[in-house]
């Protein structure tokens, strides 16, 4: 699925590029590489069997005293009894737990890096309410020390989003959490792009203060609708060129290219939205223009409309307990994530924080425990979905990572104990089968350039 | 004292059913006493008239006591953030609801947060049902939650100790400390340089000393940097009646603070202290405590380059008294998660429990009758359904000054309203 999406995206880009010429070439041609393409290469790995672990598979399964074998970057087998091929490294991890590598769908690492100085603050292009033309990857600083502390917390994949100042904040990028010199070398191969949208207080505050539109929530919605109308026209104009109905290719427009990518289903919408009523409005907006909201982010009031989320097959990415920092976050409850899950919707725990991302497992643990106290029975095997399979789904990479099954990327974490305990830590983190972090092996503890030679 | 005589009155202010008994016996629990008695397995704790009456394994239960079977549970003193803005801030971005930051002068020593404290804040029940029973509240310091758009002062004002009963009597003590801003933010207030910030602070303290010495002689012959009220407010600091709590991170800034303390004979406390571990021995020798967020491990600024997860462990090992502070008052309830993580990175469990209970009271000189499970102590007591440092544990019962509080908050009511979305009438008709 992601591969198909990537191909269509490449085609769209090709068409758009052709638009610069007077007459578009309508003959089928080999797709040119997408710009800023991923140059990710897995780090060196070897065939490895981890045995005698408690394994949470990420899709609701649990195997006690289980084993997992991976080779050439992919999982070969997971189960109670797995035989190791000749030459494989065999590690007895008795007493430890294994989960899929954790996935954070909402991070600003690299675009709001540490140290948080103005000169490196590159997450919000606050110059216009619609900046669908900007791409987060062009702001990502791969030397952000936060990537490495997140890795030590078991994060193997993360989506870097633009901030929420704008109605359309720009494109996100999904990264493999490997230390690299370039952002391209971190880009998750084949992952679809996302588009950051934002509801509510932030856009109207940022632009209202400048005396520009939007200054109200109704202004927000008018802004989205006008943009989608323009995107529909752009899409139609290109379709006419493609079908031969017209020779006149529209001028390439980065902003409309991204929006048209959403309408074509190739770019996934990640919508910052707190209030229940606004989520319902945004679902209707999506229906009006024929796109899907892949996930609402923050969604502090998702529990009030969990049934709507389930019916529309929309994910909600939430904090365990953040609330009250603004009025649209005033109605937070500890049970938000499990209430969304219990309604049959896709529930995700996210961080939006360089601190929270280091222990997403603890955030899930708090929500799980709150659920059980409130009479919503949720065990570890179910709760781990919130930070593995479900975010993988929201990023369009669920067929690659987020669950432990044969053929999947060998992205996994060996925990010192139950990952739903405050005392447990990620002992080893594997990405595509490579041991990219090991708490007991200084040779496998990367250090950012910025941190080198510091106290 | 006054508090106890008022406790019966305050009892009436809780929701109905909160005050069924004046006396409680918690039995069969693991008691974490935070005292010489250590941990008592299978112990009984009796609460009567707002105080802990007795603690131990062989304790008489008063005939009128409500007995709470706590077999398999853990009982601790109530938890206390060492720094908070509870009751001073409702919604951080709604200025009208925020009183912990102000746009007044560089020096606001006379500002007393107790005058703004709102015991009816919705944050208070949300925190107390999770075992937070007291808090040291103070003006906002920079980079702790919202920085208020630069609205900070070198000396931001005086903090207070509150309990979380929500009653009008919950202000326990005014003026427990003077809160100051040094380091990067202090430099910004002083025009861009740490040197100037220290100079201005020194000038203010010198003036306050002169003022204290000579005010009876009608001395006021030249303009001072501070107002008369601010000069008076600095007086108790010079007499070591309260500490100067300085928000500092960088090791060199902490050293500068220690020098200042030596010069003027001040009691000081480090708030923040990302690099405090580098001076653990010096801080211990000078009897300087640290109030910290132990999750700070990133070089979030150039004054926190040495931040690390075992900061609390290293300070404790050197004998420094610790307390914890969460990033926002809305999640003061998470200080036990902070403590649990500090334990995961080497802090002994007993030290973590002390930093949640007795530590903050000791730092502010308020430990005479609280922060422990000992006979005679004010009965701030929490019954936990497991290890209180664990993220999957919750409080079963919470007592504040001997009153058993209702285990509900605006959040539990919202949850209960929306637990069933299939009711025939809209949620507005469900009023838990």
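Chains as they are written, first to last, in my numbering: chain B, 110 to 564; chain A, 36 to 467.
Beta carbons: idealized from backbone N, C-alpha and C, even for Gly.
* Asked: When DSSP labels each residue in this structure, what does residue 546 of chain B get in the three-state scheme?
  -> strand
* On the three-pair Cβ rule with 8 Å, is the segment 188-195 of chain A touching the segment 415-428 of chain A? -> no
* Proximal residues of chain B, C-beta to C-beta of residue 379 of chain A below 7 Å -> 531, 532 and 534
* Excluding the 5 residues preceding and the 5 following residue 501 of chain B in the sequence, name in chain order all residues of the same chain whose CB lies nearer than 6 Å to its CB. => 212, 507, 510 and 511
* Name the chain B residues that come within less than 8 Å of residue 429 of chain A, Cβ to Cβ? -> 478, 479 and 482
* Sufficient close CB pairs (3 or more, under 8 Å) joining the segment 368-380 of chain B to the segment 397-415 of chain B -> yes
* Asked: Between which two residues does the beta strand (DSSP E) carrying residue 86 of chain A extend?
  -> 86-91
* To do: Identify every residue that forms a DSSP beta bridge with residue 285 of chain B.
  => B/266
* Determine contact between the segment 336-345 of chain A and the segment 147-155 of chain A, defined as no fewer than three beta-carbon pairs at a distance below 8 Å. => no
* Could one say the Cβ of residue 111 of chain B lies closer than 8 Å to chain A's Cβ atoms, at least one of them? -> Note on residue 111 of chain B: pLDDT 35, under 50, position unreliable in the model; the coordinate value appears next. Output row for residue 111 of chain B: interface = no.
* Where residue 465 of chain B sits in the DSSP three-state scheme -> helix
* Cutoff 8 Å: residue 443 of chain B Cβ touching any chain A Cβ -> yes
* To do: List the endpoints of the continuous beta strand (DSSP E) containing residue 183 of chain B.
  => 183-188
* For residue 452 of chain A, I'd like the list of residues in its chain whose CB is within less than 7 Å of its CB, leaving aside the five on either flank, ordered along the chain. => 462, 465 and 467
* Asked: Alpha carbon to alpha carbon, how far is residue 106 of chain A from residue 421 of chain A?
  -> 11 Å
* Asked: Closer than 8 Å, CB to CB, is residue 422 of chain B near chain A or not?
  -> no
* What span of residues does the beta strand (DSSP E) with residue 241 of chain A cover, start to end? -> Careful: residue 241 of chain A lies outside any beta strand (DSSP E), inside the alpha helix (DSSP H) at 229-249.
* Where residue 81 of chain A sits in the DSSP three-state scheme -> strand
* Between residue 131 of chain B and the rest of its own chain, which residues show a CB-CB distance below 8 Å, the 5 nearest in sequence each way excluded? -> With a pLDDT of 37 at residue 131 of chain B, under the threshold of 50, the predicted position of this residue should be treated as unreliable, though the coordinate-derived value follows. So no residue of the chain qualifies.
* Asked: Between residue 644 of chain B and residue 365 of chain B, what straight-line distance do the alpha-carbon atoms span, to the nearest angstrom?
  -> Coverage of chain B is limited to positions 110 through 564, which leaves residue 644 of chain B absent and any answer about it impossible.
* **Residue ranges of each beta strand (DSSP E) within the segment 315-371 of chain A, 3 or longer** => 324-327 and 357-359
* Endpoints, beta strand (DSSP E) assigned at residue 306 of chain B -> 303-307
* Asked: Counting only runs that start and end within the segment 401-455 of chain A, where is the beta strand (DSSP E) found for 3 or more residues in a row?
  -> 416-419 and 430-435
* Which class does residue 512 of chain B belong to by DSSP, given the choice of helix, strand or coil? -> coil
* Closest by CA to residue 71 of chain A, which one among A/57, A/63 and A/90? -> A/90
* Can residue 92 of chain A and residue 77 of chain A be called in contact, C-beta distance under 8 Å? -> yes
* Under 7 Å between beta-carbons, which chain B residues line up against residue 126 of chain A? List them in chain order, please. => 433, 435, 436 and 439
* Counting pairs of beta carbons, one from the segment 516-533 of chain B and one from the segment 487-498 of chain B, are three or more of them closer than 8 Å? -> yes
* To do: Flag this pair as touching only if the segment 214-227 of chain B and the segment 191-203 of chain B have three or more C-beta atom pairs under 8 Å; answer yes or no.
  => no
* beta strand (DSSP E) containing residue 206 of chain B: first to last residue? -> 206-209
* Asked: Counting only runs that start and end within the segment 429-498 of chain B, where is the alpha helix (DSSP H) found for 4 or more residues in a row?
  -> 445-451, 469-482 and 489-492
* Asked: residue 539 of chain B CB to nearest chain A CB: under 8 Å?
  -> no
* To do: Check whether the segment 254-267 of chain B touches the segment 229-241 of chain B, taking contact to mean three or more Cβ pairs, one atom from each stretch, closer than 8 Å.
  => no
* If you draw a straight line from the C-alpha of residue 277 of chain A to the C-alpha of residue 435 of chain B, how long is it? -> 34 Å
* Asked: Is the shortest distance between the beta-carbon of residue 448 of chain B and the beta-carbons of chain A less than 8 Å?
  -> yes
* **Contact residues within the segment 87-121 of chain A, judged by C-beta distance below 7 Å to chain B** => none
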